[in-house]
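Take 31 as the starting number for the sequence shown in the working numbering and just add one per residue. Using N, Cα and C, we set each Cβ at its ideal position, and we do this for glycine too. Contents: one structure, followed by commentary.
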Amino acid sequence: MQVSKWVNTIITTLTFTFMTAQASELLSTEKLVKDVEQRQTAFSQIDDQQEQIENMLDDDDYNWLQLENISSELTANSASLQRLFVPDSQLDSRAKDKVWDENQKFKAALAKMDNSFVMMNNAIKQQDSNAAKNALKQANKTCRSCHRQFRSLW
Ligand code: HEC
31 MQVSKWVNTI ITTLTFTFMT AQASELLSTE KLVKDVEQRQ TAFSQIDDQQ
81 EQIENMLDDD DYNWLQLENI SSELTANSAS LQRLFVPDSQ LDSRAKDKVW
131 DENQKFKAAL AKMDNSFVMM NNAIKQQDSN AAKNALKQAN KTCRSCHRQF
181 RSLW
C-alpha cells in the first residue's frame, strides 16, 4: 500500500514535469513562429514604405507631413528587426543558417541598413530632400547584398 502510493506520487510528478516541459516547448516554438512572421511583415512593410518615399521624393512631391509619417513607421520597422532574429528561429523561414553562424556579420549588415534609414528619417524631419534621397539610396544598396548572403532563394 505504502509503496504503491509512493509510486503513484512519482508517476504523477513525472507526468506533470513532462507535460510542463512539453507545454513550455510549445510556447517557445509559438513565440519563434511569431518572430518569423513579424520579421517577414517588417521587411514587406519596409519594402512598400521605402518605395512610397522614393516616389514622393522623385516627384518632388514634398508632402513633408506624410513623408514624416511613413518614414517614422519605416524606421520603427527597421529597428524592430534587431530583436526578431533570435537563435533557433530558422524554422521554415528564408533566413539562412548563416544569419546565426556569422551573426556579427549579419548584425553589421542590418545596422548598416538601419543607420541609413535613421539618417533618411532625420533628413525628412529637417525637410532636406537631397540628404533624404542620398540616405535612401544608401539603404537600398544594403538590400541585395544582404539577401545574396543571408536569404535563401526559396
Ligand atoms: C541584414 C540583412 C538584410 C537586409 C539589409 C535586408 N534584408 Fe530583406 N531579408 C533578409 C532576410 C534574412 C530575409 C528572410 C526573412 C525570413 O524569411 O525569416 C529577408 C526578407 C525580405 C523580404 C521578404 C519578406 C517575406 O514575406 O518573406 C522582403 C520583401 C525584404 N526582405 C525586403 C528588403 C528590403 C526592401 C531591404 C532594403 C531596404 C532589405 N530587405 C534589406 C535580410 C535582409
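- Judged by DSSP in its simplified three-state form, R181 adopts strand.
- Annotation: K128 to D65 spans about 18 Å, alpha carbon to alpha carbon.
- The DSSP assignment places complete alpha helix (DSSP H) segments of no fewer than 4 residues inside the segment 67-153 at 94-110 and 128-131, in order along the chain.
- Taking non-hydrogen atoms of the ligand HEC into account, the C-beta of R124 is found less than 7 Å away from one of them.
- In this structure, the C-beta of V116 stays at least 7 Å away from each heavy atom of the ligand HEC.
- Cβ contact annotation for T105 (same chain, cutoff 7 Å, sequence separation greater than five): F147, V148 and N151, in chain order.
- Straight-line measurement puts the Cα of T47 at about 49 Å from the Cα of Q80.
- Exclusion of L62 from the 7 Å shell around the ligand HEC follows from its C-beta lying no nearer than that to any non-hydrogen atom of the ligand.
- With respect to the C-alpha of Q112, the residue from F136, Q120 and S101 having the closest C-alpha is F136.
- A distance below 6 Å between beta-carbons, with the five flanking residues on each side excluded, links K163 to the following residues of its chain, in chain order: L87.
- Residue side-chain check: V66 places its Cβ nearer than 7 Å to a non-hydrogen atom of the ligand HEC.
- Nearest C-alpha to Q134 among P117, E67 and R124: P117.
- Around A165, the same chain offers S146, M149, M150 and A153 as residues with beta carbons nearer than 7 Å, after the five sequence neighbours per side are excluded.
- Contact check for L114 against Q68 passes: the beta carbons are separated by less than 8 Å.
- Each residue's CA atom was taken as its position, placing D131 and S182 some 15 Å apart.
- For the ligand HEC, no non-hydrogen atom lies closer than 7 Å to the CB of F48.
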